[in-house]
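One structure is given here, and the rest of the page talks about it.
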Amino acid sequence: MRLPTWIAQHLAALRAVLVFTVLLGLVYPLALVAVGQLPGLNHKTDGSLITSGGTTVGSALIGQSFTDADGNPVARYFQSRPSAAGDGYDPTSTSASNLGPESVVDTIATDPEESSESLLTQVCGRSKEVGELNGVDGRRPFCTDDGVGAVLAVFRADGLTGPVTRVVSVNQAAPATPFVPTYEGVTVELAQPGEDYVAAGGVVTPIRGDAPADPAVPADAVTASASGLDPQISPAYAELQVNRVARERGADPAAVRELVKEHTDGRGLGFMGEPGVNVLELNLALDKQFAAR
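As numbered in full-length UniProt numbering, residues 1 to 293 make up the sequence shown, in order.
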């Protein structure tokens, strides 16, 4: 007896679902797992885990912080780049800050929990801290000496034109001192918590300042990667830290510099991306060769 057409079509569809479920849901994944266990590939497919003294200390693919219990950098270690993934390098919360070049005005609220820093202030603060930690000039253009964005809200008599009537340093509140005392002859005020000076008509005016055009602190030392998990830093950021790490470990800077070179990866396929230094692998090599004092 011939089945009705609609039943035959449904049976054919069911057979196709079963066949592709077996092929793509079982055979294909198992084949990839098997290939991943081949010599030369198994380390990567198992997570590129790194062990020290028989204990897994991390992954070569995921960065981590080298700080003390209070979140302060441990001076004897090379420091990683910042991370916006959760509380830092959280694989379950991988993300960027979603702040862009126009994020230059902080939110200063009466409740500190509701306050937030602009991307510019984050960069300025990090640059100041990295400079102090490594004994270099941490100044950057458009940053104040106290590590916030050097931005004014300028009010003019006719909105966008006319004489200046009021000027507010929008990223500085009491007890700070305005980074410039006056602007076009008008005394600069400190920001008051809860005030939105942009909504009130102030024109956002970043001030470059006298910082060098080429900052001593590299960009990757003050900005997070898109994933927040980047395990590498630039050779320039590693070089910035060599003297400090060598001093803390009582080592020859040339020997530490050689370790940095050994743990620097080249460009992908010789032309993609930029060279990078794996921070975890470098710090483990430091502990092995130069025990901390």
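Even for Gly, the Cβ is constructed at its ideal location relative to N, Cα and C.
Being a predicted model, the structure only gives us computed values, none of them experimental.
Can you list, in chain order, the residues of its chain with a C-beta nearer than 7 Å to that of residue i? Leave out the 5 residues immediately preceding and following it.
| i | result |
| --- | --- |
| proline 253 | Val242, Asn243 and Ala246 |
| tyrosine 183 | Leu152, Val154, Val164 and Val167 |
| residue 328 | This structure cannot settle anything about residue 328, because the visible part of the chain is limited to 1 through 293. |
Is it true that the CB of residue j sits closer than 8 Å to the CB of residue i?
| i | j | result |
| --- | --- | --- |
| serine 52 | leucine 284 | yes |
| glycine 202 | valine 168 | yes |
| threonine 165 | alanine 153 | no |
| residue 333 | asparagine 171 | Limits of the chain in this structure are 1 at one end and 293 at the other, which puts residue 333 out of reach. |
| glutamate 113 | aspartate 106 | no |
| phenylalanine 66 | valine 57 | no |
| threonine 223 | proline 82 | yes |
| glycine 147 | cysteine 124 | yes |
| alanine 219 | glycine 131 | no |
| alanine 173 | alanine 199 | no |
| proline 178 | valine 188 | yes |
| arginine 76 | alanine 221 | no |
Tell me which residues share the same chain as residue i and place their Cβ nearer than 8 Å to its Cβ, disregarding the 5 neighbours each side in the sequence.
| i | result |
| --- | --- |
| valine 256 | Val242, Val245, Ala246, Arg249, Leu286 and Phe290 |
| isoleucine 50 | Thr56, Val57, Gly58, Ser59, Ala60, Leu280, Glu281 and Leu284 |
| leucine 18 | none |
| lysine 288 | none |
| alanine 84 | Ser95, Ala96, Ser97, Ala224 and Gly228 |
| leucine 3 | Leu11 |
Alpha carbons only, please: which of the options is nearest the one belonging to residue i?
| i | options | result |
| --- | --- | --- |
| aspartate 145 | Asp68, Glu274 and Lys128 | Lys128 |
| alanine 211 | Thr205, Glu258, Arg139 and Tyr197 | Arg139 |
| alanine 236 | Val186, Gln79 and Ala12 | Gln79 |
| threonine 121 | Asp111, Val35, Ser103 and Gly58 | Ser103 |
| valine 279 | Asp196, Tyr183 and Ile62 | Ile62 |
| glutamate 195 | Ser115, Arg208, Ile207 and Leu269 | Ser115 |
| alanine 226 | Leu160, Ser93 and Leu26 | Ser93 |
| glycine 209 | Leu269, Phe142 and Thr177 | Phe142 |
| leucine 240 | Asp265, Asn134, Ile207 and Pro163 | Asn134 |
| alanine 96 | Leu119, Pro163, Pro206 and Val33 | Leu119 |
| aspartate 137 | Asn72, Asp111 and Ala213 | Ala213 |
| isoleucine 207 | Ile233, Leu26, Gly149 and Ser234 | Gly149 |
| threonine 264 | Phe271, Met272 and Gln232 | Gln232 |
I need the boundaries of the beta strand (DSSP E) containing residue i, first residue and last residue.
| i | result |
| --- | --- |
| leucine 23 | Counting along the chain, leucine 23 falls outside any beta strand (DSSP E), and DSSP gives it neither H nor E. |
| leucine 49 | 49-52 |
| serine 59 | 55-59 |
| serine 169 | 161-173 |
| aspartate 158 | 151-158 |
| threonine 205 | 203-206 |
In terms of residues, what are the limits of the alpha helix (DSSP H) holding residue i?
| i | result |
| --- | --- |
| glutamate 189 | It is not in any alpha helix (DSSP H) - glutamate 189 instead sits in the beta strand (DSSP E) that spans 186-191. |
| proline 235 | 235-249 |
| glycine 131 | 119-134 |
| asparagine 278 | Here asparagine 278 belongs to no alpha helix (DSSP H); instead the beta strand (DSSP E) covers 276-278. |
| glutamate 195 | From DSSP, glutamate 195 is part of no alpha helix (DSSP H); its letter is neither H nor E. |
| leucine 259 | 253-262 |
Since residue i contacts residue j with CB under 8 Å, what's their CB separation in whole angstroms?
| i | j | result |
| --- | --- | --- |
| glutamate 274 | arginine 267 | 7 Å |
| proline 193 | alanine 109 | 6 Å |
| tyrosine 28 | glutamine 64 | Not quite, the Cβ-Cβ distance comes to about 34 Å (not below 8 Å), so this is no contact. |
Sorted by chain position, which residues of the same chain lie with C-beta nearer than 6 Å to residue i's C-beta, five sequence neighbours on each side aside?
| i | result |
| --- | --- |
| alanine 238 | Val260 and Val277 |
| tyrosine 197 | Ala153, Val168 and Val170 |
| alanine 86 | Per the sequence shown, residue 86 should be read as glycine rather than alanine. For glycine 86, where only same-chain residues beyond five positions count, the Cβ hits under 6 Å are Ser93. |
| alanine 251 | Phe290 |
| leucine 269 | none |
| leucine 14 | none |
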